[in-house]
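Q:
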Ligand SMILES: [Zn+2]
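Numbering (my numbering), first residue to last: 978 to 1203.
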């Protein structure tokens, strides 16, 4: 079986739900852009608009078939993970995304979904990950910057999340944060620095602050190959 292990999906139902549920997300500014949507989270600079290929499931399946790909592992779109949102809103945003991703993958078994979690809050991220695993997700895709520039995946606040990953056997796909304003992840040096960013996150998360800390990580993380 040929598996494409790194892809992203923004189900059309998610975009529709976001448009319909705008009142639930007061800190998400929706920016209509030629039939698509861009977002600005908590007053930050806007994301790129969601591109058509991210949401066009029939076109993706046709492409997979042409390439001989049997399964595609799909996370959400990193730009719209919304880690900057306040706790309860960030959790609701993640749960909505997961509901839509889960239902898209359920109706199309060629797609294997990875959940998103509100990584700005370790306890909430743990709760959302456990719910996603109970729903049938095999794991989650996370960005390298849980709380913006300079934040780290070995911050103590995230211990509950890593513990939940260990307890549930979740696969965690660590994805570079794109255009985050962090010197480690310069857009101009996208290709060169992004792998370093993930390596840095893995090394710190697995070994920082002494043996035993985040002991879950070696079993829970699969490195993103570039
Ligand atoms: Zn990616």
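By construction, the Cβ of each residue, glycine as well, lies at the ideal position given by its N, Cα and C atoms.
Out of 1075, 1035, 1125, which one is the CA nearest neighbour of residue 1111?
A: The option with the nearest alpha carbon to residue 1111 is 1075.
Q: At a cut of 8 Å, does the stretch 1027-1046 reach the stretch 1059-1073 through at least three beta carbon pairs?
A: As far as the Cβ criterion goes, the stretch 1027-1046 does not touch the stretch 1059-1073, which means the pair count is below three.
Q: Using the Cβ count rule (16 or more neighbours within 10 Å means buried), how would you classify residue 1072?
A: It is buried - the Cβ of residue 1072 has at least 16 other Cβ atoms within 10 Å.
Q: Near residue 1167, what residues of its chain come up, given a Cβ to Cβ distance below 7 Å and the 5 sequence neighbours on each side ignored?
A: Caution is warranted here: a pLDDT of 39 is assigned to residue 1167, below 50, making its placement in the model unreliable, and the coordinate value is therefore given only provisionally. Here the set comprises nothing.
Q: State whether the stretch 1133-1143 contacts the stretch 1099-1114, with contact taken as three or more CB pairs (one from each stretch) at a distance under 8 Å.
A: Yes, they touch.
Q: Any heavy atom of ligand 1 inside 7 Å of the beta-carbon of residue 1152?
A: At least one heavy atom of ligand 1 is nearer than 7 Å to the Cβ of residue 1152, so yes.
Q: Please report how far the alpha carbon of residue 1130 lies from the alpha carbon of residue 1098, in whole angstroms.
A: Computed Cα separation, rounded: 11 Å.
Q: For residue 1083, tell me which candidate among 1048, 1055, 1059, 1096 has the shortest Cα-Cα distance.
A: Closest option to residue 1083, Cα to Cα, is 1048.
Q: By Cβ distance below 6 Å, which residues in the same chain neighbour residue 1043 in space, the five residues on each side in sequence not counted?
A: Cβ within range, chain order: n/a, list empty.
Q: Between residue 985 and ligand 1, is there a pair consisting of the residue's CB and a ligand heavy atom that are separated by less than 7 Å?
A: Residue 985 Cβ: within cutoff of ligand 1.
Q: Answer with buried or exposed for residue 1119, where buried requires no fewer than 16 other C-beta atoms within 10 angstroms of its C-beta.
A: That one is buried.
Q: Output the boundary residues of the alpha helix (DSSP H) element that contains residue 1079.
A: Taken as a continuous stretch (DSSP letters only), the alpha helix (DSSP H) holding residue 1079 covers 1064-1084.
Q: Please tell me whether residue 1018 and residue 1059 are closer than 8 Å, where the distance is taken between their beta carbons.
A: Contact flag set, yes.
Q: Ends of the beta strand (DSSP E) at residue 1089?
A: Element bounds for residue 1089: 1088-1090.
Q: Measuring only the C-alpha atoms, how far is residue 1145 from residue 1103?
A: Each residue's alpha carbon lies about 10 Å from the other.
Q: Could you tell me which uninterrupted beta strand (DSSP E) segments, each at least 3 residues in length, are contained entirely in the stretch 1026-1063, listed from first to last along the chain?
A: If we require 3 residues or more, the beta strand (DSSP E) runs fully inside the stretch 1026-1063 come out as 1048-1052.
Q: Within 8 Å of any Cβ in chain B, is that where the Cβ of residue 1022 sits?
A: Reference to chain B is not applicable here, since this structure consists of a single protein chain.
Q: From the DSSP output, which residues share a beta bridge with residue 980?
A: 1048.
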